[in-house]
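Asker:
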Amino acid sequence: VCQRAVDLADERDDVREYVERQAPTVAPNLSRLAGPMLAARLIALAGGLGDLAKQPSGTLQVLGAEDALFAHLRGHAPSPKHGAIYTHDYVRTTHPDERGSAARALAGKLTIAARIDHYSGDLRPELKAELDERIERIRARETE
Numbered sequence: 001v002c003q004r005a006v007d008l009a010d011e012r013d014d015v016r017e018y019v020e021r022q023a024p025t026v027a028p029n030l031s032r033l034a035g036p037m038l039a040a041r042l043i044a045l046a047g048g049l050g051d052l053a054k055q056p057s058g059t060l061q062v063l064g065a066e067d068a069l070f071a072h073l074r075g076h077a078p079s080p081k082h083g084a085i086y087t088h089d090y091v092r093t094t095h096p097d098e099r100g101s102a103a104r105a106l107a108g109k110l111t112i113a114a115r116i117d118h119y120s121g122d123l124r125p126e127l128k129a130e131l132d133e134r135i136e137r138i139r140a141r142e143t144e
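The numbering used here puts the first residue of the sequence shown at 1, with every later residue one more than the last.
1. I'd like the span of the alpha helix (DSSP H) that includes Asp122, first residue to last.
2. Is the beta carbon of Ala77 closer than 8 Å to that of Leu63?
3. Measure the beta-carbon distance from Asp117 to Leu30 and round it to whole angstroms, keeping in mind my assumption that it falls under 8 Å.
4. Report the residue ranges of all beta strand (DSSP E) runs contained in full by the stretch 37–66; include only those spanning at least 3 residues, in chain order.
5. By Cβ distance below 7 Å, which residues in the same chain neighbour Ala34 in space, the five residues on each side in sequence not counted?
6. Please tell me whether Ala53 and Arg139 are closer than 8 Å, where the distance is taken between their beta carbons.
7. Assign Ser79 to one of three DSSP states: helix, strand, or coil.
8. So, with DSSP's three-state summary, where would you put Arg156?
9. Below 7 Å, is the gap between the Cβ of Gly48 and the nearest heavy atom of the ligand SAM?
10. Does the beta-carbon distance from His82 to Ala103 come in below 8 Å?
11. Which first and last residues belong to the alpha helix (DSSP H) in which Thr25 is found?
12. Under a Cβ-count criterion, where at least 16 other Cβ atoms within 10 Å of its own Cβ denotes burial, should Pro80 be classed as buried or exposed?
13. Just to confirm, are Thr123 and Pro28 a CB contact at a threshold of 8 Å?
14. Quick check on Thr111: does DSSP put it in helix, strand or coil?
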């Protein structure tokens, strides 16, 4: 049993290394903004980079929170503010009152990055600077 656990941990590390090598070649802008692991997870949840590029940012924002979304639609829970993107530092480390805004801003830029990666493949480093500035403004509201 212990050996199997060690083997699984090694396999997990191998997969992580593979994703970290491949994600920047498949989706360079998305990987730069989200990180290779989150970029790969979003692509997988959407069903591919093309499908992710076609989705509105509000859909990307709640990818991975389908159970919470359907509970909300049935009237049993509040609307989810974030799904898989919660693992991103910009959302996770933002004050809870501002997490929805941070998730919206991140989802918007990730959607743009996915579209650029799918349709043109151009590298756009200014996307990261724009996102950093937007998150800074959101976090500045926390202290007011």
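Just so you know, even glycine gets a beta-carbon here, dropped at the ideal spot from N, CA and C.
Answerer: In this structure, then:
1. It is not in any alpha helix (DSSP H) - Asp122 carries neither H nor E in the DSSP assignment.
2. no
3. 5 Å
4. none
5. Leu42, His88 and Leu110
6. no
7. coil
8. Missing from the structure shown is residue 156; the chain here goes from 1 to 144 and no further.
9. Because no ligand of any kind appears in the structure shown, any question about the ligand SAM cannot be addressed here.
10. yes
11. Cys2 to Val26
12. buried
13. Here residue 123 turns out to be Leu, not Thr, going by the sequence shown. In this structure, Pro28 lies closer than 8 Å to Leu123 by Cβ.
14. helix
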